[in-house]
Amino acid sequence: MTKKKERFEDSMKKLEAIVDELEKGDFSLEESIGKFEEGLKLGKLCRELLEKAEKRIKLLSEEEGNTVKEEDAPDDLETQ
50 MTKKKERFED
60 SMKKLEAIVD
70 ELEKGDFSLE
80 ESIGKFEEGL
90 KLGKLCRELL
100 EKAEKRIKLL
110 SEEEGNTVKE
120 EDAPDDLETQ
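So this is what it looks like as structure tokens:
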């Protein structure tokens, strides 16, 4: 049996759905804990997928002879 390859977008949608469900508060304590645990796992998966993508981009940039300039993204992404 092969494990289905998770996509970042799919995992984020699932995570957002869990957050919405938890915010409504319609679950028992045990159900809420289960949903929270599932959300933590999805969050970890999303971080891992993003890290993998970042490494791939850096590798591709280096292969092309481009230099990758790293800088922190601004906390406030609103346009003025």
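Terminal number for the sequence shown in the numbering used here: 129, no gaps in between. All residues carry an ideal CB built from backbone N, CA and C; glycine is no exception.
Starting from E55, trace the alpha helix (DSSP H) in both directions and tell me its first and last residue.
Segment: none, E55 is in no alpha helix (DSSP H) and carries neither H nor E.
Between L94 and S60, which are expected to be in contact by the criterion C-beta below 8 Å, what is the C-beta distance as a whole number of angstroms?
A Cβ-Cβ separation of about 5 Å places L94 in contact with S60 under the 8 Å criterion.
Assigned exposure category for L91 - 16 Cβ within 10 Å defines buried
With a 10 Å radius around the Cβ and a threshold of 16 neighbouring Cβ atoms, L91 comes out buried.
Please state whether DSSP places F76 in a helix, a strand or coil.
Residue state for F76 is assigned as coil, using DSSP reduced to three classes.
Taking CB distances under 7 Å as the criterion, tell me whether F85 reaches chain B.
Of the chains in the structure shown, none is chain B; there is only one protein chain.
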